[in-house]
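One structure below.
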Amino acid sequence: MNVFITGASGGLGRALANECGKRGYNLFLTDINAQGLKSIQLGLERQFGVTVTTAACDLTSDESVDQLLETIDAYGIRFDMLLNVAGLDFEGGFLERARRDIIRIISLNNEATLRITHAVLSRRRENHPFYLLFTSSLASMYPMPLKATYAASKRFLLDIAVALREELKDKQVNVLALCPGGLATTREAMSGIAAQGFWGGATTNPLEHVSRQTINRLLHRGGVLVPGALNRTLTFFGKLLPRRWVAAAIYHRWNKAQKAWSPVEFSAGR
Amino acid sequence: MKTAVITGASSGIGYATSAELIQKGYRIIGIGRDKTRCEESEHLLNALSSNAKATILQADLMQQREVERVATEISQLLEQENENKLDVLINNAGCVRSWYTTTEEGYEQQFALNHLASFLLTYRLLPQLKRAQGRVIMTGSESHKHMRMHWNDLMLTRGYNPLTAYKQSKLANILFAKGLNERYLNDGITSYVVDPGLVCTDIGCKNTGGLVDWIWKLRKKHGCQPEVPAKTYVYLCETQPAPRELYYYFCKPNRYSCQVTHENADKLFAASEKLCGIQYPARIKT
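Note that the protein sequences, when read in sequence, are chains A and B.
If you're matching positions, the first sequence starts at 1 in the numbering used here and goes up one per residue.
If you're matching positions, the second sequence starts at 1001 in the numbering used here and goes up one per residue.
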């Protein structure tokens, strides 16, 4: 099994790479952080003895991706699985963020994801099942004031996943949208979870469970995966209420949390 | 002048031990993660006496490339000023995490910092330790008891629990010390584990998040001040001839888990060597 992972040196990317390594899959890892890629490659090779290839790439740049594809084509590599993990968010209100940063959210979370998805799907192993993951978020379930762009970008991924799942069914492609709550991936993420108090901790999913569940689910049927019973319940009730009410409730919660926390940037997940 | 390298020296037990050793005339090379705390502690330590000499280097030891970098810096310092000799290495830095989190290598953070960082740093400083007939001291914990190593899943990806991860890493510390003694007592290097008891430090509140933070805030109130366990470290550094037991509590040998066996120590060495990409030498070349 050849697996392509984007955002592989971030917290969720590393956890998923570990999960694949444990299963003995060959890994092709990319990330914008070349140093981080080097480290995770070493870690995976030492732990699992699997074949790991890495290439640093800025997925938001067409040229950078073209270069990556040239390398892949030179070796004639074909893939069985694509895990779209790369993504970013900037905390804070719409007007408090720089214009460029807001656009960057869309360029990476959406544009770049489509760019790489199309490229890797076109390089899938023929007459074999293919497994495609989009890392959406619990945030995709509602409009989220103060995280408006991020939540909308994740909604885009959720819809793409559900639609492509139907479209590519007879091509033997399994599609999964992963919608986790908080994940303790970085120091910033952990302090963010802490700042949200009780609800932060309660909606946080254990990273090791999420990665195992994700690969299991992706191999079996795809669909939409919301890890955690509480998150599934929140999602269910969220759908029953008018979207405006939900948005108002979320605004109330985030407004309080963000006052308790200075904004920082972090990639891959919430 | 004797030299001691101490990880996690910018606060808690590491800082208190550095302060005690400075009073005994040691040259201190400390390592801390937080830059501001490093600068502050270096300043404070140097103000302790007129001939105090302390340097606190900044490094995030859970990342292996940071261990490599800081090991090189330490080696340079030792070469410049101490005939390339190291008298004491105290592997004290440790952390607790509420959730399963990984380092850049994808290793679980508690295992990476509490054990692998010591394993790699000690390896890098073996020649300097041998030259001084030095001592290696780990900060252990009584919590290592009633725990076994999860050999098939050292990173606990099948069911992470902060306490299990912490206990396992502390058991690893003793196994590491035992393994070091089995290999290098003949080279003159002696290794120990100190059980500091319950100490009022911030270990449970640094980037832990969740319940651990809350529980530790309540629990640490019952702990003693870090100056108390610091005495045990000083005892192990200073006593001549070198004390012979493995595990010390309040300057006295104490009982440790029956899991600390020759087989387990060897197994841990093999696994850790693989995870660090190194091979401990049969005899240390100086």
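Each residue gets a CB set at the ideal place from its N, CA and C atoms; glycine is no exception.
8 Å Cβ cutoff, residue i in contact with chain B
i: P180 of chain A; result: no
i: R46 of chain A; result: yes
i: N272 of chain A; result: Nothing about residue 272 of chain A can be read from this structure; chain A reaches only from 1 to 270.
i: M1 of chain A; result: no
i: S137 of chain A; result: no
i: E208 of chain A; result: yes
i: R217 of chain A; result: no
i: A184 of chain A; result: yes
i: G11 of chain A; result: yes
i: I5 of chain A; result: no
i: G36 of chain A; result: yes
i: S64 of chain A; result: no
i: M141 of chain A; result: no
i: L225 of chain A; result: no
i: M144 of chain A; result: no
Segment limits, alpha helix (DSSP H) that includes residue i
i: M190 of chain A; result: 187-195
i: K1285 of chain B; result: Per DSSP, K1285 of chain B belongs to no alpha helix (DSSP H) and is neither H nor E.
i: T1072 of chain B; result: 1064-1081
i: R1135 of chain B; result: Not the alpha helix (DSSP H): R1135 of chain B falls in the beta strand (DSSP E), residues 1135-1139.
i: Y1235 of chain B; result: 1227-1238
i: F237 of chain A; result: 229-240
i: A17 of chain A; result: 11-22
i: F94 of chain A; result: Segment: none, F94 of chain A is in no alpha helix (DSSP H) and carries neither H nor E.
Cβ of residue i within 8 Å of any chain A Cβ
i: L1275 of chain B; result: yes
i: L1163 of chain B; result: no
i: Y1192 of chain B; result: no
i: T1072 of chain B; result: no
i: Y1280 of chain B; result: no
i: T1261 of chain B; result: no
i: E1068 of chain B; result: no
i: T1201 of chain B; result: no
i: R1065 of chain B; result: yes
i: T1157 of chain B; result: yes
Residue span of the beta strand (DSSP E) that contains residue i, given as start and end
i: F130 of chain A; result: 130-135
i: K1267 of chain B; result: Element bounds for K1267 of chain B: not the beta strand (DSSP E) but the alpha helix (DSSP H), 1262-1276.
i: N84 of chain A; result: 81-84
i: D31 of chain A; result: 26-31
i: Y1249 of chain B; result: 1247-1249
i: Y1192 of chain B; result: 1190-1194
i: I1294 of chain B; result: Because chain B is modelled from 1001 through 1286, residue 1294 of chain B falls outside the range shown and cannot be assessed.
i: R1027 of chain B; result: 1027-1032
i: V162 of chain A; result: No beta strand (DSSP E) holds V162 of chain A; the alpha helix (DSSP H) holding it covers 148-167.
i: V173 of chain A; result: 173-178
Cβ separation of residue i and residue j, assumed to be a contact under 8 Å, to the nearest whole Å
i: S1191 of chain B; j: K1170 of chain B; result: Incorrect: roughly 15 Å between the Cβ atoms, too far for contact.
i: P180 of chain A; j: V210 of chain A; result: 5 Å
i: P1281 of chain B; j: P1229 of chain B; result: At roughly 32 Å, the Cβ-Cβ gap does not stay under 8 Å, so P1281 of chain B and P1229 of chain B are not in contact.
i: H37 of chain A; j: L29 of chain A; result: Note on identity: in this sequence residue 37 of chain A is Leu, with His being the wrong assignment. Indeed, because the Cβ distance is near 6 Å, the residues count as touching under 8 Å.
i: Y131 of chain A; j: L240 of chain A; result: That pair is no contact at about 32 Å.
i: R1135 of chain B; j: N1084 of chain B; result: So it is not a contact: roughly 17 Å between Cβ atoms.
Within chain B, partners of residue i - CB distance below 7 Å
i: R187 of chain A; result: N1207
i: R276 of chain A; result: The question about residue 276 of chain A has no answer here: the residues shown for chain A are numbered 1 through 270.
i: L42 of chain A; result: E1105, G1277
Rounded C-alpha distance that separates residue i from residue j
i: T117 of chain A; j: V85 of chain A; result: 11 Å
i: L1129 of chain B; j: D1087 of chain B; result: 6 Å
i: Q172 of chain A; j: W1214 of chain B; result: 49 Å
i: L88 of chain A; j: A148 of chain A; result: 13 Å
i: E1066 of chain B; j: D1060 of chain B; result: 6 Å
i: H1150 of chain B; j: E96 of chain A; result: 48 Å
i: M1 of chain A; j: N216 of chain A; result: 14 Å
i: T1139 of chain B; j: V50 of chain A; result: 34 Å
i: D101 of chain A; j: F90 of chain A; result: 7 Å
i: N33 of chain A; j: G11 of chain A; result: 13 Å
i: A139 of chain A; j: G192 of chain A; result: 15 Å
i: T1122 of chain B; j: L1089 of chain B; result: 8 Å
i: A151 of chain A; j: P143 of chain A; result: 6 Å
i: A177 of chain A; j: R221 of chain A; result: 11 Å
i: F266 of chain A; j: A1016 of chain B; result: Residue confidence is low: F266 of chain A scores 38 on pLDDT, short of 50, so the model does not pin down where it sits. No coordinate-derived value is stated.
i: A194 of chain A; j: G238 of chain A; result: 23 Å
i: A17 of chain A; j: R1244 of chain B; result: 44 Å
Under 7 Å from the C-beta of residue i: neighbouring residues of chain A
i: G1032 of chain B; result: In chain order: nothing, as chain A lies at least about 15 Å away.
i: Y1160 of chain B; result: P206, E208
The ligand GTP heavy atom lying under 7 Å from the CB of residue i
i: D1087 of chain B; result: As for the ligand GTP, it is missing from this structure, which has no ligand bound.
Interface residues of chain A facing residue i [CB-CB closer than 9 Å]
i: D1213 of chain B; result: A194
Amino acids of chain A, ordered along the chain, whose beta-carbon sits closer than 8 Å to that of residue i
i: W1216 of chain B; result: The premise fails here: W1216 of chain B is roughly 13 Å from chain A at the closest Cβ pair, so nothing lies under 8 Å.
i: K1151 of chain B; result: The sequence as given places Trp at residue 1151 of chain B; Lys does not occur at that position. Those within 8 Å of W1151 of chain B in chain A number zero; the least Cβ separation is about 13 Å.
Under 8 Å from the C-beta of residue i: neighbouring residues of chain B
i: L283 of chain A; result: Nothing in the structure corresponds to residue 283 of chain A, since chain A is present only between 1 and 270.
Under 9 Å from the C-beta of residue i: neighbouring residues of chain B
i: S39 of chain A; result: Q1063, Q1064, R1065, T1103, E1104, E1105, G1106
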